[in-house]
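Asker: Before we start, here is the structure in question, set down as C-alpha cells.
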Amino acid sequence: MLAPFRVRRSGLLAVFYGVMHLAAVAALLISALPRGAPLLIAPLLIVHGIVLMRRATLADGNALAAVHVDDTDILLELVNGRRIPAQLSGIYCVTGLQVAHFRRQGRDTSPGFWLTVLPDSAGPHTRRQLRTWLLTVPLSLTSVSTQIRD
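Set out below in C-alpha cells:
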C-alpha cells in the first residue's frame, strides 16, 4: 500500500558539530590554564563531540523512520525504535504524491495525523514546490477528496 519512508541523515550537521568541537578542544589545549586543566577537559569535550556527532547523524527521536504494512496491521516505526500500531482512515492520491490519514488503533476520537509520501523520482525543486503547496493549502477531507485521481 505505502512504500517505506526512510529518514535521511544530516551529514552536514554532523561535520559542523565535529569541526566546532575540534576547534574548542584545540583552543583549550593551546590556552594557558594552570595545573593541566586542559588535559582534563579535552577528553570530556571529545566524548561530548562524538555524542553530538552521532545525534546529528540521526533524525529527531519522534521522526518517522518506516511504515510497515502487512495484511492485518500497520505499524509506524519512529527513529527511536518505538512502534505505533495505527489504522488507516483514508488515503488520497493527488498528482505527484499520496496523502494518508492515520489514527492510533483503539482511539477513534483522536484527530489522527497525516502522512505525505512523495515519490522518490521527485527532484529537490519538485519536492520544494509540493512542500510549499502543502503548507499553503488547508488540508482537510473535503478539500483533498475533490483532487483524487486514479
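Residue numbers (our numbering): 55 to 204.
Yeah, the Cβ is synthetic: ideal placement off N, Cα and C, and Gly gets one too.
1) Reducing DSSP to helix, strand and coil, say where Gln183 ends up.
2) On the DSSP bridge list, what partners appear for Phe156?
3) Which residue's Cα is closest to the Cα of Gln159: Ile138, Gly177, Leu99, Val105?
4) What three-state label does DSSP hand Arg136 in the structure shown?
5) Measure the alpha-carbon distance for Pro178 versus Val121 and round it to whole angstroms.
6) Near Leu99, what residues of its chain come up, given a Cβ to Cβ distance below 8 Å and the 5 sequence neighbours on each side ignored?
Answerer: Based on what the coordinates show:
1) Here Gln183 sits in helix by DSSP.
2) Residue pairing by DSSP puts Phe156 in a beta bridge opposite Leu142, Phe167.
3) Selected option, being the one with the closest Cα: Ile138.
4) The answer is coil: DSSP assigns Arg136 none of H, G, I, E or B.
5) The straight-line gap from Cα to Cα measures roughly 23 Å.
6) Only His75, Ala78, Val79, Leu82 meet the Cβ criterion.
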